[in-house]
Each structure stands twice: as structure tokens, then as C-alpha cells.
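With the working numbering, letter number 69 in the sequence shown gets 69, and the count goes up by one each step, no holes. Ideal placement from N, C-alpha and C gives every residue a C-beta, glycine not left out. The structure presented is a predicted model; accordingly, all values stated were derived computationally and were not measured. Scroll down for the structure; my scribbles are underneath it.
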Amino acid sequence: MNSLSGRTGFRILAYTSIALAGIGIVLPLLPTTPFVLLAAWSASKGSPACAAWLENHQTFGPAIENWRSRRAIPAKGKWLACLMLCVSWSVLLISGAAPVVLLATGLMFLGLACYLLTRASY
């Protein structure tokens, strides 16, 4: 992949992530922080102007700074993510997913929840 198409891909990922983060501000079930962090990372690779805008943004900037400096996640975001993991696993259970699917996703979700809950909060 040449550098122009790589930068374009990162730029597309950044703008898509920003859009999803914006939707997450309005919709309580869509997390905002992971999309902001993904947008910041991809913008730093593909669009320095977009990266600077995100870092200086009144809403998104603090989340990026807290993650970069302390690897901290908002407490509300952690608990909402864990709640959604439980809801997602429950939907699999109720819909009759195979035991191997329940076990695999349960272990993956448990690992993700442990990771989230052991990060610093702000």
C-alpha cells in the first residue's frame, strides 16, 4: 500500500470514528470514548489537521488527553460498556446460541470487562 492510499484509509477511519462518536453523544447506548480514541489514533496517521482539531476539541480533547497521559477512561463509559457486554451476552443466551459461542463470547467479554475496570477512571 502506498503512503497516499494509507493516509486516505486512516483519514476515512478517523472521520467515520468521529461521526460514530458524535452519534454516541446523543444515543446513550453507543459508547463515545472508544470512537474518539480510534479517531485520534487514525487522524494522527492520516490527517494532522484533524488530529489537532480533535486534541483541542472541547468535548473530545479531554478524553484523548486522559487516555494518552494516564490510560484513563471515564467511569460512566466503563460501566456503560460493561452493561452493554452483559446485555449482548444475554441476547445470545436468550436467542439460543450454541454453548461454544456462549463460552467464547463470555470469556472474551469477561476479559474485556476486566481490562476496562482495571484502567484508571476520571
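Tell me where the alpha helix (DSSP H) around residue i begins and ends.
i    : result
S124 : Since the first and last residues shown for the chain are 1 and 122, residue 124 lies out of range.
T59  : Segment: none, T59 is in no alpha helix (DSSP H) and carries neither H nor E.
L38  : 33-46
Would you report the Cα separation of residue i and residue j, rounded to the nearest angstrom?
i    : j    : result
H146 : L29  : Residue 146 cannot be examined here, being either before or after the span of the chain that is shown, 1 to 122.
W41  : L116 : 19 Å
A211 : W89  : Because residue 211 is not part of the residues shown, which for the chain are 1 to 122, the question remains open.
L13  : S95  : 32 Å
G108 : W79  : Correcting the residue identity first, residue 108 is Met in this sequence and not Gly. Answer to the nearest angstrom: the Cα atoms are 17 Å apart.
T33  : L92  : 25 Å
A52  : T8   : 17 Å
W67  : V26  : 22 Å
C50  : S5   : 17 Å
Roughly how far, in whole angstroms, is the beta-carbon of residue i from the beta-carbon of residue j, given that I think they are within contact range, below 8 Å?
i    : j    : result
Y122 : P74  : 6 Å
P31  : G106 : Going by Cβ atoms, the distance from P31 to G106 rounds to 20 Å, so no, they are not a contact pair.
I64  : V36  : 6 Å
Considering only their Cβ atoms, is the gap separating residue j from residue i smaller than 8 Å?
i    : j    : result
G61  : R11  : no
I18  : A39  : yes
L54  : A43  : yes
L83  : L112 : no
A120 : R70  : yes
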